[in-house]
Amino acid sequence: MSTKSTMMDFPLSLPHMLERIGLYFPTVQVVSRMPDKSLHRTNYLEIQQRSKKLASALTNAGIKKGDCVATLMWNHYAHLECYMGVPCTGAVLHTLNLRLSPDDIAYIVNHAEDKILIVDDVLLPLYNQIKDKVSFDKVVVVPLAGEAIPEDCVNYEDFLNTGSADFTYPDIDENDALGMCYTSGTTGRPKGVVYSHRSTVLHSMSEALDSSLAINQHDVVTPVVPMFHANAWGLPYTSVMVGAKLVLPGPHLDAESLMDLYEQEQVTLSAGVPTIWMAIKQALEAEPKRWKTAPNMRMAVGGAAIPESLFRVFDTFDMKIIQAWGMTETGPLASIGLLKNNMMDLSEDEQYQIRVKQGLPLPFVEVRIIDDDGVEQPWDGVEQGEIQIRGPWITGSYHKEGRQPDKFSADGWLRTGDVAIIDPEGFIKLTDRTKDLVKSGGEWISSVDLENAIMDHPDVIEAAVIAVAHPKWDERPLAAIVVKEGVSLSKEDIHDFIRDKFHKTWLPDAVETVTDIPKTSTGKFMKKELRKLYEGWIWE
Ligand code: ADP
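Be aware that the sequence shown starts at 17, since it is given in the numbering used here, and climbs by one per residue.
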């Protein structure tokens, strides 16, 4: 006899999470910063009721299972209602990145075949720029700032009133599509990644683990990472699942506004890309006593490499950086930089050396590193290769584009385009993106290692290193740096500061001071633009 499991086949899907907040956490607050900076307060019961009204209104408006509903919104309560309400109709929430060019947004809307758009009133000027290139059945406008709502659009509050909170969920299979994000195109044309109910639930479970971001009901969570970028790293869903209070910053993402919010709401966990934290670091250093944040506040930082000095500075303010690595294609959280038990007795310096690594993959996420010849590399902390990854919340193809061989291995692993070494403890350390490595005299130089070391200089605000063609060496590194006001730094100053850390062939042959480093829509260095700027550079 072959023994069968007696467990129920119960779907891992969003309606359970939406019901749960109403049942167990009805009074937990959701706070949103509005365009005029006032704070809007609601609670999970209201969010639940309004999300169900939205689901019902969308169904009445003809939205069917598998249809895409787009949002063009900042982080706030109404976006959370869309996060919950849209997938609970069986439809797909498609979050549009408002920092992309209007052409790219229109391309993405058409590629995804979005049926309805829900847009913040303060973003109507952006909508007007794409309006002629797209066609929605309906455009719903969220009245955040009381802007006039165009005649051919519907007020979000009126739209909700066409539905009822007494909504019966359709049958949703856990493998049905829930949401869709396009990659931000740092490395080419945006590509669509479609998350399922199952992948989202499992991703939320993994974020809540103690050996991950340890999010629980006592937390106050502020995703600074936009809800239009990789589902705000899944934090809205994880917070809803565990009943954590959410504090959403709206359009106010400058250092002062964020620090004010952290203090006022006593935020315990926030998350964003390093550029956000670099700005906060400067604000804190300028006025070290101004804010009193919650004790032992955690900050998940990812999306780009983080210089060690950032970990050190924030530790002095009792704000702990936790490094997270991932991409739109990976849920997004794939690995996390937490110390293992056997590392707790290491010296402070040794611990920082570990915290700057991208860490261990989350449970059920598997990684390997593969060199240019397709050979798997050992985990010896020396050999490097492209990270390939697989797991229940890793995409297995791109929307309408399938599995191109440059993006997926023959045996189905996702090729991340990130180059890394893995040490014997299993810690991943990213050295670069494949296309950003500097190939000099047949050797690879890590642009990330160089820029992190340069950014540790107390007078350097930002640094980006790129490969520039060289007649003798193939390519050589050029560093573009932004320095503090009134300071000037020469190439020799930078060399002196980093000389101890690198072989002399790694030192950048040019160090150019710039006023600003071009950034992508998600706040990362846009090396593509920098490379254009220094094309044809004449080496001394
Ligand atoms: P895009 O690919 O358009 O930049 P993503 O947000 O998906 O958009 O970016 C994922 C990429 O960001 C990763 O492939 C990696 O290169 C980089 N990244 C993410 N987290 C980290 C991290 N902790 N350290 C260094 N780089 C990171």
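Even glycine gets a Cβ: it sits at the ideal position worked out from N, Cα and C.
DSSP places Ala122 in the helix class (H, G or I) of the three-state scheme. Two segments are said to touch when three or more pairs of C-beta atoms, one from each, lie closer than 8 Å; by this definition the segment 219 to 228 does not touch the segment 84 to 101.
Counted as a single uninterrupted DSSP element, the beta strand (DSSP E) harbouring Val484 occupies residues Val476 to His486. The beta-carbon separation of Trp409 and His234, rounded to 25 Å, does not stay under the 8 Å limit for a contact.
Counted as a single uninterrupted DSSP element, the stretch harbouring Val372 is not any beta strand (DSSP E), since DSSP gives it neither H nor E.
In this structure, the alpha-carbon of Ala340 lies about 30 Å from that of Asp189.
Shown here, Asn113 sits in coil according to DSSP, grouped into three states, outside any helix or strand. Taking His511 as reference, the option from Pro524, Ser351, Trp553 and Val503 with the minimal CA-CA separation is Pro524.
Distance from the C-beta of Arg449 to the nearest heavy atom of the ligand ADP is below 7 Å. Secondary structure of Lys336 (DSSP, three-state): strand. Of the heavy atoms belonging to the ligand ADP, at least one sits nearer than 7 Å to the Cβ of Gln374. Ranked by Cα distance from Ile132, the options Ala73, Lys336, Phe443 and Val372 are led by Ala73. For Lys535, DSSP records a beta bridge to Phe541. By the 16-neighbour rule on beta-carbons within 10 angstroms, Phe26 is exposed. In the DSSP assignment, no residue is bridged to Cys98.
Under the DSSP assignment, Ser462 falls outside any alpha helix (DSSP H); it carries neither an H nor an E label. With a cutoff of 7 Å, Gly179 does not count as near the ligand ADP, since its C-beta is closer than that to no heavy atom of the ligand. For Gln404, the three-state secondary structure derived from DSSP is strand.
The Cβ atoms of Met315 and Met343 do not sit closer than 8 Å to each other.
Close CB contacts of Glu399 within its chain, under the 8 Å cut and outside five residues either way in sequence, are with Ile385, Asp387, Gln393 and Ile437 (chain order). When DSSP states are grouped into helix, strand and coil, Met196 belongs to the strand group. With a beta-carbon spacing of about 6 Å, Gly179 and Leu70 fall inside the 8 Å limit used to define contacts. Per the Cβ contact rule, the segment 274 to 289 is in contact with the segment 229 to 243 (3 or more Cβ pairs under 8 Å).
For Asp148, the shortest separation between its Cβ and any heavy atom of the ligand ADP does not lie below 7 Å. Membership of Asp490 in the beta strand (DSSP E) is indicated by the continuous run Asp490 to Val499. The way I'd put it, the segment 168 to 176 doesn't touch the segment 191 to 199; fewer than three beta-carbon pairs between them come closer than 8 Å. Thr199 has its Cβ nearer than 7 Å to a heavy atom of the ligand ADP. A distance criterion of 7 Å places the beta-carbon of Gln339 in contact range of the ligand ADP, judged by its closest non-hydrogen atom. When DSSP states are grouped into helix, strand and coil, Val210 belongs to the strand group. DSSP, reduced to helix, strand and coil, places Met315 within a strand of the structure shown. Taking a 10 Å sphere around the C-beta of Gln420, we find fewer than 16 other C-beta atoms and assign the residue as exposed. If you draw a straight line from the Cα of Asp472 to the Cα of Leu505, it comes to about 14 Å.
Within 7 Å of the C-beta of Leu446 there is at least one heavy atom belonging to the ligand ADP.
Nearest in C-alpha terms to His415, of all of Met100, Asn113, Gly38 and Ile124, is Ile124. In the structure shown, Asp136 falls within a strand segment according to DSSP collapsed to helix, strand and coil. When distances are taken from the beta-carbon of Gly38 to the heavy atoms of the ligand ADP, even the shortest one reaches 7 Å or more.
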